[in-house]
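Peer 1: I'd like to ask some things about the structure below.
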Amino acid sequence: MLHSSLFKEVFFQSRIPQLIGKSDFSFVQYNPAFCEFTGYTVEELASMPMASISHPDDQVLDEKLFSEILNGERNQYQLEKRYIHKSGMMKTGILTVSRVWDPYTGEEFLLGQILDITEKKQMEAVMNHRENKYRLLAEHSSDMIILHHVDFSFLYVSPSVKTVLGYEPEELIGKNPFDLIHPDDVTAIFPQLQELTSENNSMLFTYRGRKKDGSYRWLESTIKVLFDSETGELREIISVSRDIQHRLETQERLRKSEKLAVVGQMAAAVAHEIRNPLTPIKGFLQLFHLEKEMNPAYLPIILDELQRVEGIISEFLSIAKPYSNKAHFVDVNNLLEQVIKLMHTEAVMKKKNIYLYTNPSIPLIQGDPNSLKQVFANVIQNALDAISERGHVEVWIIQEQAGVLIRINDNGCGIPQERLKKLGEPFYSTKEKGTGLGLMTSFRIIESHNGRITIDSELGAGTNVSIWLPVLP
Ligand SMILES: Nc1ncnc2c1ncn2[C@@H]1O[C@H](COP(=O)(O)OP(=O)(O)O)[C@@H](O)[C@H]1O
Ligand SMILES: [Mg+2]
1 MLHSSLFKEV FFQSRIPQLI GKSDFSFVQY NPAFCEFTGY TVEELASMPM ASISHPDDQV
61 LDEKLFSEIL NGERNQYQLE KRYIHKSGMM KTGILTVSRV WDPYTGEEFL LGQILDITEK
121 KQMEAVMNHR ENKYRLLAEH SSDMIILHHV DFSFLYVSPS VKTVLGYEPE ELIGKNPFDL
181 IHPDDVTAIF PQLQELTSEN NSMLFTYRGR KKDGSYRWLE STIKVLFDSE TGELREIISV
241 SRDIQHRLET QERLRKSEKL AVVGQMAAAV AHEIRNPLTP IKGFLQLFHL EKEMNPAYLP
301 IILDELQRVE GIISEFLSIA KPYSNKAHFV DVNNLLEQVI KLMHTEAVMK KKNIYLYTNP
361 SIPLIQGDPN SLKQVFANVI QNALDAISER GHVEVWIIQE QAGVLIRIND NGCGIPQERL
421 KKLGEPFYST KEKGTGLGLM TSFRIIESHN GRITIDSELG AGTNVSIWLP VLP
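Quick note on numbering: our numbering labels position 440 of the sequence shown as 440, and the sequence is numbered without any gaps.
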């Protein structure tokens, strides 16, 4: 039937599944690509009804197509349909049926060609499934998942916005998110947003979001932006936001209750600690009252004990009262010189050596000079207490990347390993007249300066206290 051998050649060589038949279907021929597409041989195809290679649900499409062809005016028809491969596998193709005429006889034929789009369809199915999955996630997440237009206005808002802020997702579509942010926070967020670039494409923001009833809640949002790799233009913005009001409130409550618990605990302990030195004081004074005469030998003891009471009270107060938050610029060299000057005389008297290695090149740090002095005095006094005659304490000031490190080394008695972790607990002291409050206070002060204290020690060899304080850029 195919008269031109060239057409024949094209038909048989083509990689496109094709079939050609008379318009009354009395004769149909398939090419090898069609056989491959369906999995059947030419003989098998010839012996079975054509409809049996179509997906059962799509057979109506076939019928519709053919009835259109038979009484139609158009010369070409197209339709996407599913086929069933011999193996049972489903395939999808775009079938194009064209009317063609034999150039010699003028006889009319129908040429069917199939564009195999099975893989593309499978990909689409996977993608759809994935999108559905993401949508499912968004719809059920307690976080607010939001897609933004490139001008940040809302494109999609997940339903949790109702629970968190009281809005229906629909009423927000197209609105400007900045209208829902506390004005003070908008001014803080805006400049940060400018820093979103293709390298730095995600950011975390904390701000107050306005609820539908007008009240504000603290929210935390991660924003992720996608830029077009070619044009560099902003293409996609997605944000995930959650309510952190509870978290902040709990933290605050915890912070307060922790402090209260510590202060309460300490108040009881302080009462106990003060009662100890008060006993001899009271005893001596009763004696004096009884004998109407003071033995001068008792006086230094009374004064000593009173001093101890005073020490406990002032250390306790320094813990209970909040540190003055006024940030001063502090020269650590200068501060340590002042502290050591005060301790030097006593050290020399006890034949102990104290060396300060200042470092003029370190930057100033920010903090409260009085509380920092208190820390250094505590730690250096501890070191002096730990060494014996001819022992030494060295104080080094070292510049670090983002801060200043103060190292206090001594070659004193050291601290046993199991006690090392107890340091910083109140009233832990090995000294007869110790309060056991010095390190605890020091830890708290350094913490409030966003710094760190680490203590290494070797029993019998010495102790090294490292205090790191940040330098603000
Ligand atoms: N440099 C040090 N060497 C040895 N022991 C130390 C050193 N620093 C602190 N300690 C131990 O830690 C304890 C607690 O110190 P601290 O809180 O300052 O209270 P206090 O000095 O009143 O005892 C001390 O009693 C001591 O046992
Ligand atoms: Mg101490």
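Here a beta-carbon is modelled for each residue, glycine too, at the ideal position from N, C-alpha and C.
1. Can you list, in chain order, the residues of its chain whose CB lies under 6 Å from that of residue 10, leaving out five sequence neighbours each side?
2. With residue 404 and residue 365 assumed to form a contact (beta carbons below 8 Å), what rounded beta-carbon distance in angstroms separates them?
3. Do the CB positions of residue 451 and residue 411 come within less than 9 Å of each other?
4. If residue 65 sits next to residue 100, beta carbons under 8 Å apart, how far is it from one beta carbon to the other, in whole angstroms?
5. Consult DSSP for residue 134 and reduce its assignment to one of helix, strand or coil.
6. Please state the DSSP three-state secondary structure of residue 288.
7. Return yes when at least one heavy atom of ligand 2 lies under 8 Å from the C-beta of residue 385, else no.
8. Below 6 Å CB to CB, which residues in the same chain sit around residue 400 once its five sequence neighbours on both sides are set aside?
9. Considering just the uninterrupted stretch of the alpha helix (DSSP H) at residue 344, what are its terminal residues?
10. Just confirm the distance between the C-beta atoms of residue 215 and residue 239, as a whole number of angstroms; I'd bet it's less than 8 Å.
11. Taking Cβ positions, are residue 22 and residue 119 nearer each other than 9 Å?
12. Going by DSSP, name the residue or residues bridged to residue 463.
13. If you draw a straight line from the C-alpha of residue 369 to the C-alpha of residue 244, how long is it?
14. Taking 6 Å as the limit between beta carbons, can you name the residues of its chain near residue 186, skipping five residues before and five after?
15. Go through its chain and collect everything with a Cβ distance to residue 389's Cβ below 6 Å, but skip five positions before and after it.
16. Across the segment 302-311 and the segment 266-280, are there enough close Cβ pairs to call them in contact, namely three or more that are closer than 8 Å?
17. Taking 8 Å as the cut-off, is the C-beta of residue 285 nearer than that to any heavy atom in ligand 3?
18. Starting from residue 236 and walking both ways along the alpha helix (DSSP H), at which residues does that stretch end?
19. Compute the Euclidean distance between the alpha carbons of residue 31 and residue 93, then round it to the nearest angstrom.
20. Three or more beta-carbon pairs under 8 Å between the segment 186-201 and the segment 159-173, yes or no?
21. Rounded to the nearest angstrom, what separates residue 235 and residue 338 at their Cα positions?
Peer 2: Short version:
1. Indexing the sequence shown from 1 puts residue 10 at position 10. Setting aside the 5 residues that flank it on each side, residue 10 has no residue in the same chain whose C-beta is closer than 6 Å to its C-beta.
2. Taking the sequence shown and counting its residues from 1, the one referred to as residue 404 is at position 404. Taking the sequence shown and counting its residues from 1, the one referred to as residue 365 is at position 365. Rounded to whole angstroms, the Cβ separation of residue 404 and residue 365 is 6 Å, and the two are in contact under 8 Å.
3. Within the sequence shown, the letter at position 451 stands for residue 451. Within the sequence shown, the letter at position 411 stands for residue 411. In this structure, residue 411 does not lie closer than 9 Å to residue 451 by Cβ.
4. Residue numbering aside, residue 65 sits at position 65 when the sequence shown is read from its first letter. Residue numbering aside, residue 100 sits at position 100 when the sequence shown is read from its first letter. Contact between residue 65 and residue 100 fails: their C-beta atoms lie close to 16 Å from each other, not under 8 Å.
5. The count along the sequence shown starts at 1 and reaches residue 134 at position 134. Helix, per DSSP.
6. Counted from its first residue, the sequence shown places residue 288 at position 288. It is helical.
7. Your numbering for residue 385 matches position 385 in the sequence shown. The answer is yes for residue 385.
8. One-based indexing of the sequence shown puts residue 400 at position 400. Once the five neighbours on either side are set aside, residue 400 has no close Cβ partner at all.
9. For the purposes of this step, residue 344 is identified with residue 344 of the sequence shown, where counting begins at 1. That run of the alpha helix (DSSP H) goes 332-349.
10. What you label residue 215 is simply residue 215 of the sequence shown in a count that begins at 1. What you label residue 239 is simply residue 239 of the sequence shown in a count that begins at 1. Actually they do not touch by this definition, with Cβ atoms about 21 Å apart.
11. For this step, residue 22 is matched to residue 22 along the sequence shown. For this step, residue 119 is matched to residue 119 along the sequence shown. No, the Cβ-Cβ distance between residue 22 and residue 119 is not below 9 Å.
12. For the purposes of this step, residue 463 is taken as residue 463 along the sequence shown, with counting starting at 1. Beta-bridge pairing by DSSP links residue 463 to 410 and 457.
13. Residue numbering aside, residue 369 sits at position 369 when the sequence shown is read from its first letter. Residue numbering aside, residue 244 sits at position 244 when the sequence shown is read from its first letter. C-alpha separation (whole angstroms): 35 Å.
14. Start at 1 with the first residue of the sequence shown, and residue 186 comes out as number 186. These residues qualify, in order along the chain: 178.
15. Counted from its first residue, the sequence shown places residue 389 at position 389. For residue 389, where only same-chain residues beyond five positions count, the Cβ hits under 6 Å are 351.
16. The segment 266-280 and the segment 302-311 touch, with three or more beta-carbon pairs separated by less than 8 Å.
17. Among the ligands present in this structure, namely ligand 1 and ligand 2, ligand 3 is not found.
18. The residue labelled residue 236 in the question sits at position 236 within the sequence shown. Per DSSP, residue 236 belongs to no alpha helix (DSSP H); it is in the beta strand (DSSP E), 234-243.
19. Your numbering for residue 31 matches position 31 in the sequence shown. Your numbering for residue 93 matches position 93 in the sequence shown. Taking the straight line from one Cα to the other gives about 16 Å.
20. Touching, no, given that fewer than three Cβ pairs across the two stretches are closer than 8 Å.
21. Stepping through the sequence shown from its first residue, residue 235 is reached at position 235. Stepping through the sequence shown from its first residue, residue 338 is reached at position 338. One C-alpha to the other measures close to 60 Å.
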